[in-house]
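2 protein chains.
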Amino acid sequence: MKKVTIKQAAEMLLEHNNIIILMHKSPDGDAIGCAYALCAALRRLGKKVQPLCSDPIPAKYGYITDSIEPQSFDVQYVVTVDLADTQLFGDKLEMYKDRVDLCIDHHGSNTSFAEYGIVDPGAGACAQIVAKILDAMGAEIDPLIADAIFTGITTDTGCFKYSNATAESYRIAADMMDKGAQNAMINRVMFDTKSRARLEAEKLALASVRFYGDGKIATISVTKKMLEISGADESDTEGIASIPRQIEGVKAGITIKEKDDGAYRISMRTTDDVDSSAICGVFGGGGHRAAAGCMIKGTAEEVERKIVAEAAKAIGCEV
Amino acid sequence: MKKVTIKQAAEMLLEHNNIIILMHKSPDGDAIGCAYALCAALRRLGKKVQPLCSDPIPAKYGYITDSIEPQSFDVQYVVTVDLADTQLFGDKLEMYKDRVDLCIDHHGSNTSFAEYGIVDPGAGACAQIVAKILDAMGAEIDPLIADAIFTGITTDTGCFKYSNATAESYRIAADMMDKGAQNAMINRVMFDTKSRARLEAEKLALASVRFYGDGKIATISVTKKMLEISGADESDTEGIASIPRQIEGVKAGITIKEKDDGAYRISMRTTDDVDSSAICGVFGGGGHRAAAGCMIKGTAEEVERKIVAEAAKAIGCEV
């Protein structure tokens, strides 16, 4: 993958038409924000552009996606945003794996699958890179684009809370608010809204908290039974993963979610001095330093023992 | 109270010496951040300055307060920060009620008790006003001052989440990060750390959630018994007040906390279209539009009925 600058990426986008913008499967706020901001800005220039994802976009992002009408055309240029690896394309985008023209990303683990790419691991959100590209393009930032960029930054930095939030994250967010980004609404929807089912699931999950290694490791379980009783779905349980690491003294918070196929989905959140990506990497997973995940097969007890043992090794504590 | 500009307030501070800076009782991050930022900046200019509060400063603010050695002197100038009303001085500062020279505040409800004052209800945090005064004073912003201002802004805006967070809040925060503010540490300590006792109290409180008015009102109870079982103290229970309003569809979230004297402390959080300050005002309380409080006497059932009835009236729903 040949590296390009912000300016070169902007020029490449301006030079092309009939562009598709690919997001990773299970799209999050940063992927969606990047794709729709770029789409809206390029359409304003008269281009045909379509964001694409293998999975449906969750309804809560409707304020970004609802006014972008679908377009179909002969694809001439393929762009990816916030996409680290072709494994994350998902079934529907499989066909584009070997023909990505431009990759815009902020994951240090990016596998360089595109012809040209700009990857900045220092950017808290990929939306910060997109904001700079829009600026270099001279694009007009309308309220929808402002909402999309703001959404990308706030979701990937945990509402500006995580260590990946830099002064630049805050400043670009402020610029977007000047352009009409609905900061309070977006933050409320993304971080301050729980369904009743989520509340019920949380109640049940809280009862399962266990501590290891003198309180440095905490686990929480989300079983199929809990989801059944509470009526919660996948998206309801996302926030539960942040609970164990929030407990005072905990360096590694581990959420163990029972999946349909007898395997367990691990979500790990760690303090700055523990690399969760390396721990999950032992089981073939990955992610960021402070937040990572993996799948482990076995009984609930085996899976818990395995992941706790690896975390204890990384922290240097006895379990 | 005669109104002054940022520049005039800066000049008044520069002209005086032997300055005490008063915080409200039960001091929060904004009061503490303002007082210690101002103190540190004025001491750098060779002045004698002391922040004062009727209540002890919680230990979690040690990164701001620990390096400020106490000074004693004949008081010549009295400043208040983030202080809306002399009722909030507390016992130990009672003596200064009628001799405040300069009031720096952001509460629209400020009772104009000082000789001179600057009150900007548009500032999400009082620390934003203090940052501008420091700038007008030409003060050097060292990492401690940066931490103090950042703390004020992030705590009063709920980690930049509430509607009172403006583009200016984000920009001043970014400036403070450039000057060394430890944003990730501060946000983790203030918003992402729960004691085990708090976790236990939360489990118990969650079981008490009740809905009224077709789900538009939710209440949660924190009883003395819950605190006893969980071992939680006052500060552990603060965050619980945000839970009921987070539930999908809830416009008014009400926390009812049993106090020693048989009375109940109400904490209310509302969506933008409901004025919690007006609802709590009916019972002699007050606060901001989105977050307010009051005390109500009676049995638990009576208190809940009364506050729910007022909230329902404001929302326009049946209970």
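Same order as they appear, the protein sequences are chains H and W. Per the numbering used here, the first sequence starts with residue 1, numbered consecutively. Per the numbering used here, the second sequence starts with residue 320, numbered consecutively. Glycine residues also receive a C-beta, built at the ideal position from the N, C-alpha and C atoms.
Exclusion of the five residues before and after THR590(W) leaves LYS570 as the residues of its chain whose Cβ lies within less than 6 Å of its Cβ. When rounded, the separation of the alpha-carbon atoms in THR80(H) and THR193(H) is 30 Å. Taken through DSSP and simplified to helix, strand or coil, GLY606(W) comes out as strand.
Among the CB atoms of chain W, one or more fall inside 8 Å of the CB of LYS194(H).
Contact holds between the stretch 121-128 of chain H and the stretch 158-174 of chain H, because three or more Cβ pairs, one in each stretch, are under 8 Å apart. Only residues of its own chain outside the window of five on either side were considered, and among them ILE19, ILE20, ILE21, CYS39, PRO70, GLN71, SER72, PHE73 have a CB closer than 8 Å to the CB of GLN50(H), listed in chain order. For ALA551(W), the number of other beta carbons within 10 angstroms of its own is at least 16, and it is reported as buried. Contact residues of the stretch 230-253 of chain H toward chain W are GLN246, ILE247, GLU248 (C-beta to C-beta distance below 7 Å). Residue state for LYS297(H) is assigned as strand, using DSSP reduced to three classes.
Taking 8 Å as the cut-off, the Cβ atoms of ASP147(H) and ALA181(H) count as close. At a cut-off of 8 Å between beta carbons, TYR61(H) makes no contact with chain W. For the pair LEU412(W) and LEU332(W), the Cα-to-Cα distance works out to about 20 Å. For VAL593(W), there is no enclosing alpha helix (DSSP H), since its DSSP letter is neither H nor E.
Contiguous beta strand (DSSP E) elements confined to the stretch 29-84 of chain H occur at 49-52, 77-81, taking only those with 3 or more residues. CYS159, PHE160, LYS161, TYR162, SER163, ALA165: these are the residues of the stretch 153-165 of chain H whose beta carbon lies less than 7 Å from some beta carbon of chain W, given in chain order.
Interface residue (Cβ-Cβ distance to chain H less than 8 Å): VAL528(W) is classified as such. With respect to the C-alpha of ILE68(H), the residue from ILE32(H), THR86(H), ILE266(H), VAL75(H) having the closest C-alpha is ILE32(H). Within 10 angstroms of the beta-carbon of ASP30(H) lie 16 or more other beta-carbons, which makes it buried. ALA630(W) places its beta carbon 8 Å or farther from that of ASP594(W). Contact annotation for LEU525(W) against chain H: LEU199, GLU202, LYS203, LEU206 [CB-CB distance below 8 Å, chain order].
Contact between LYS326(W) and GLU434(W) does not hold, since the beta-carbon distance rounds to 18 Å and is not under 8 Å. By the criterion of a C-beta distance shorter than 7 Å, ASN187(H) is surrounded in its chain by THR154, CYS159, once the five residues flanking it on both sides are discounted. Annotation for VAL75(H): ASN18, ILE20 place their beta carbon closer than 7 Å to its own, counting only its chain and skipping 5 residues before and after. Setting aside the 5 residues that flank it on each side, HIS24(H) is surrounded in the same chain by ALA31, LEU83, LEU88, each with a C-beta closer than 6 Å to its C-beta; the list follows chain order.
Of all residues in the stretch 329-341 of chain W, none has a C-beta nearer than 7 Å to a C-beta of chain H. Nearest in C-alpha terms to ARG289(H), of all of ILE307(H), GLY298(H), ARG269(H), ILE220(H), is ARG269(H). If you look at ILE20(H), you'll find it isn't in any alpha helix (DSSP H); it sits in the beta strand (DSSP E) that goes 19-22.
For MET496(W), the C-beta contacts it makes with chain H under 8 Å involve THR166, ALA167, TYR170, in order along the chain. Within the same chain, ILE153, GLU168, SER169, ILE172 come within 7 Å of GLN128(H) by CB-CB distance, once the 5 residues on both sides are set aside. Here ILE141(H) carries a coil assignment [DSSP, helix/strand/coil]. Separation of ALA10(H) and PHE191(H) (C-alpha to C-alpha, rounded to the nearest whole angstrom) is 32 Å. Look at ALA492(W): its C-beta is under 8 Å from a C-beta on chain H.
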